[in-house]
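Chemist: Below is the structure I would like to discuss, written out as structure tokens.
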């Protein structure tokens, strides 16, 4: 687990932008933390780095929104999901995010802890919290066996 | 006639039993369940000179396996049973794999291994002697943990299923283990396994959901 402090939304965006470079097709990134803690800003940073052109907003009402990507990481689609409105695990399972991403996509899942039983042991996890001074703290957990420089990400 | 529907892996397959005669058809191997299943059933029935009204029983694999496949297979089976009045009978992917291994002459200790994706497998242990007997309940675990358990145990075992292919690096390293790679549970084995079984309502077996209801009921929702 490594921790990055983000003083501004631009920092939070940059944290997402940097993490996106490590993603490969099949990855699921679970984002947890309270409302307003930066999950959507972080998502726009990831989307930007993956070459999403359109505007990325919180998909609270649609549950999941696919975005076409342009990058050299083999990621063709970014599925941006928000489980805030889900009431039961069946609803999360019905999205079949873990299977949708397998061949050429990744998923960013806000309120993703609601689907914890479905993601399996190998997923990315970013826990967002709000500090009293309005800064955001991001704690990153990386899937086993990935060679990524988390110390550099946290710096 | 008895129809078997198989959608627990990326493959979509069906089988049709008319008395002692059983025919199988592989409809697709690449996750096109929703596209190929219903037309495939129609075509197989037509080849037998029949239509859906000839169906007396429908056997469906309820998983565990590929979520997007299972919901197509189970929904189609329920709808078809409802429309024709045929009996609906469920089998699991794991027991069908075990029956398929038995039909291929495997005996002794067997573990059916279905690719659970996300770095996990669905597995169940069977004893294959005169008959196929389940020794534990289906569970979700990492292939590495399954391999370690059997490497420690040391008794000869056969692994059967689509998980044998995907996780060959883990399971292939177990001493005294034999792998039987079958990319999908054969519908003919589903028909054999379901013989004499009582019919009833069918629910998909996803396995991962059961543990997780608490995530919704106990969490403080803002």
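Protein chains in written order, with this note's numbering: chain F, 1 to 155; chain V, 1001 to 1222. Don't be surprised by glycine CBs; every beta carbon is placed ideally from N, CA and C. The structure presented is a predicted model; accordingly, all values stated were derived computationally and were not measured.
Using only CA atoms, which one of 115(F), 65(F), 25(F) and 100(F) lies nearest to residue 40(F)?
Modeler: By 1-based counting over the first chain, the position of residue 40(F) is 40. For residue 40(F), the nearest C-alpha among the options comes from 65(F).
Chemist: Could you give the C-beta distance for residue 24(F) and residue 73(F), rounded to a whole number, given that I count them as a contact under 8 Å?
Modeler: As a working mapping, residue 24(F) is identified with position 24 in the first chain. As a working mapping, residue 73(F) is identified with position 73 in the first chain. Confirmed, Cβ separation roughly 6 Å.
Chemist: Against chain F, with Cβ distances strictly below 8 Å, would residue 1120(V) count as a contact?
Modeler: Numbered from 1 along the second chain, position 120 holds the residue referred to as residue 1120(V). Taking Cβ atoms only, chain F reaches closer than 8 Å to residue 1120(V), which makes this a yes.
Chemist: If we require 3 or more residues per run, which beta strand (DSSP E) segments fall completely within the segment 31 to 72 of chain F?
Modeler: Fully enclosed beta strand (DSSP E) runs of 3 or longer: 64 to 68.
Chemist: From residue 1042(V) to residue 62(F), what distance separates their C-alpha atoms?
Modeler: Position 42 of the second chain, counted from the first residue, corresponds to residue 1042(V). Position 62 of the first chain, counted from the first residue, corresponds to residue 62(F). Near 36 Å, if we compare the C-alpha coordinates of residue 62(F) and residue 1042(V).
Chemist: Just reading off the beta strand (DSSP E) that residue 80(F) is part of, what are its end residues?
Modeler: Start at 1 with the first residue of the first chain, and residue 80(F) comes out as number 80. Element bounds for residue 80(F): 77 to 82.
Chemist: Looking at the C-beta of residue 120(F), does it have a partner C-beta in chain V at a distance below 8 Å?
Modeler: As a working note, residue 120(F) is residue 120 in the first chain. Chain V, which has a Cβ nearer than 8 Å to the Cβ of residue 120(F), makes this yes.
Chemist: Taking the C-alpha atoms as reference points, what is the distance between residue 59(F) and residue 1010(V)?
Modeler: Within the first chain, numbered from 1, the residue matching residue 59(F) stands at position 59. Within the second chain, numbered from 1, the residue matching residue 1010(V) stands at position 10. Their backbone Cα atoms lie some 29 Å apart in a straight line.
Chemist: Taking 8 Å as the threshold, find out whether the segment 1130 to 1139 of chain V comes into contact with the segment 1153 to 1169 of chain V through three or more Cβ pairs.
Modeler: In short, these stretches do not touch, since the Cβ pair count stays below three.
Chemist: Does the count of Cβ pairs from the segment 1046 to 1064 of chain V and the segment 1072 to 1084 of chain V closer than 8 Å reach three?
Modeler: Verdict: yes, contact present.
Chemist: Give the DSSP-derived three-state secondary structure of residue 104(F) in the structure shown.
Modeler: Residue numbering aside, residue 104(F) sits at position 104 when the first chain is read from its first letter. Coil.
Chemist: Note the first and the last residue of the continuous beta strand (DSSP E) segment covering residue 137(F).
Modeler: Residue 137(F) sits at position 137 when you count from the first residue of the first chain. Here the beta strand (DSSP E) through residue 137(F) covers 136 to 141.
Chemist: Of all the residues that make up the segment 1049 to 1069 of chain V, which are near chain F by a beta-carbon distance shorter than 8 Å?
Modeler: Under the 8 Å Cβ criterion, the segment 1049 to 1069 of chain V contributes 1066, 1067 and 1068.
Chemist: What are the partner residues of residue 1161(V), as DSSP defines its beta bridges?
Modeler: Here residue 1161(V) refers to the residue found at position 161 when the second chain is read from its first residue. In DSSP, residue 1161(V) forms a bridge with 1181(V).
Chemist: Output, in chain order, the set of chain F residues within a Cβ distance shorter than 8 Å of residue 1142(V).
Modeler: In the second chain, residue 1142(V) corresponds to position 142, counting from 1. In chain order: 121.
Chemist: If you drop the 5 nearest sequence neighbours on each side, which residues of the same chain put their C-beta closer than 8 Å to that of residue 1191(V)?
Modeler: One-based indexing of the second chain puts residue 1191(V) at position 191. Only 1002, 1004, 1015, 1017, 1022 and 1059 meet the Cβ criterion.
Chemist: Taking residue 124(F) as the reference, which of 137(F), 130(F), 110(F) and 131(F) has the closest Cα?
Modeler: Residue 124(F) sits at position 124 when you count from the first residue of the first chain. Measuring from the Cα of residue 124(F), the nearest candidate turns out to be 110(F).
Chemist: So with CB distances below 7 Å, who are the chain F contacts of residue 1167(V)?
Modeler: Residue mapping note: residue 1167(V) aligns to position 167 of the second chain, counting from 1. Result: empty, since nearest Cβ-Cβ is about 13 Å, beyond 7 Å.
Chemist: Between the C-alpha atoms of residue 1299(V) and residue 83(F), what's the straight-line distance to the nearest angstrom?
Modeler: The requested residue 1299(V) does not occur in the structure, where chain V is confined to residues 1001 to 1222.
Chemist: Looking at the structure shown, is residue 1134(V) part of a helix, part of a strand, or coil, going by DSSP?
Modeler: Translated into the one-based positions of the second chain, residue 1134(V) becomes position 134. Reduced to three states, the DSSP call for residue 1134(V) is strand.
Chemist: Nearest chain A C-beta to residue 139(F) closer than 8 Å, yes or no?
Modeler: Although the question refers to chain A, the structure presented lacks it and instead comprises the protein chains F and V.
Chemist: Spatial neighbours of residue 1027(V) within its chain, please: C-beta separation below 6 Å, excluding the five flanking residues on both sides.
Modeler: The sequence position of residue 1027(V) within the second chain is 27, counting from 1. Here the set comprises 1012, 1036 and 1040.
Chemist: With H, G and I counted as helix, E and B as strand and the rest as coil, what does DSSP make of residue 1089(V)?
Modeler: Here residue 1089(V) corresponds to residue number 89 of the second chain, with the count starting at 1. In this structure, residue 1089(V) counts as strand in the three-state DSSP scheme.
Chemist: Does any C-beta atom of chain V lie closer than 8 Å to the C-beta of residue 98(F)?
Modeler: Within the first chain, the letter at position 98 stands for residue 98(F). Output row for residue 98(F): interface = yes.
Chemist: Provide the residue span of the beta strand (DSSP E) that contains residue 1120(V), from first to last.
Modeler: To locate residue 1120(V), count along the second chain from 1; it is residue 120. Counting along the chain, the beta strand (DSSP E) containing residue 1120(V) begins and ends at 1120 to 1128.
Chemist: Closest to residue 1176(V) by CA distance: which of 1091(V), 1109(V) and 1066(V) is it?
Modeler: Taking the first residue of the second chain as 1, we reach residue 1176(V) at position 176. With distances taken between Cα atoms, residue 1176(V) lies closest to 1109(V).
Chemist: Terminal residues of the continuous alpha helix (DSSP H) containing residue 1073(V)?
Modeler: Your numbering for residue 1073(V) matches position 73 in the second chain. Run containing residue 1073(V): 1067 to 1084, per the alpha helix (DSSP H) assignment.
Chemist: For residue 1(F) and residue 45(F), I'd like the C-alpha separation in whole angstroms.
Modeler: The count along the first chain starts at 1 and reaches residue 1(F) at position 1. The count along the first chain starts at 1 and reaches residue 45(F) at position 45. Using only the alpha carbons, I get a separation of about 20 Å.
Chemist: Could you tell me which residues DSSP puts in a beta bridge with residue 1024(V)?
Modeler: If you number the second chain from 1, residue 1024(V) lands on position 24. 1015(V).
Chemist: Classify residue 104(F): buried if its beta carbon has 16 or more other beta carbons within 10 angstroms, exposed otherwise.
Modeler: The sequence position of residue 104(F) within the first chain is 104, counting from 1. It counts as exposed.
Chemist: Just reading off the beta strand (DSSP E) that residue 1003(V) is part of, what are its end residues?
Modeler: Indexing the second chain from 1 puts residue 1003(V) at position 3. Note, residue 1003(V): beta strand (DSSP E), 1002 to 1006.
Chemist: Using the three-state DSSP reduction, which class does residue 149(F) fall into: helix, strand or coil?
Modeler: Numbered from its first residue, the first chain carries residue 149(F) at position 149. Three-state DSSP puts residue 149(F) in coil, outside helix and strand.
Chemist: Alpha carbons only, please: which of 1150(V), 1171(V) and 1055(V) is nearest the one belonging to residue 1082(V)?
Modeler: Mapped onto the second chain, residue 1082(V) falls at position 82. Among 1150(V), 1171(V) and 1055(V), the Cα nearest to that of residue 1082(V) belongs to 1055(V).
Chemist: How would you call residue 1120(V), buried or exposed, if buried means at least 16 neighbouring beta carbons within 10 angstroms?
Modeler: The residue given as residue 1120(V) occupies position 120 in the second chain. Buried, by the Cβ-count rule.
Chemist: Answer with yes or no whether the minimum CB distance from residue 1139(V) to chain F is below 8 Å.
Modeler: The sequence position of residue 1139(V) within the second chain is 139, counting from 1. Chain F contact via Cβ: absent.
Chemist: Any idea if residue 1170(V) is buried or exposed, counting beta-carbon neighbours within 10 angstroms, 16 or more meaning buried?
Modeler: As a first step, residue 1170(V) must be located in the second chain, where it is residue number 170. Buried, since its Cβ has 16 or more Cβ neighbours within 10 Å.
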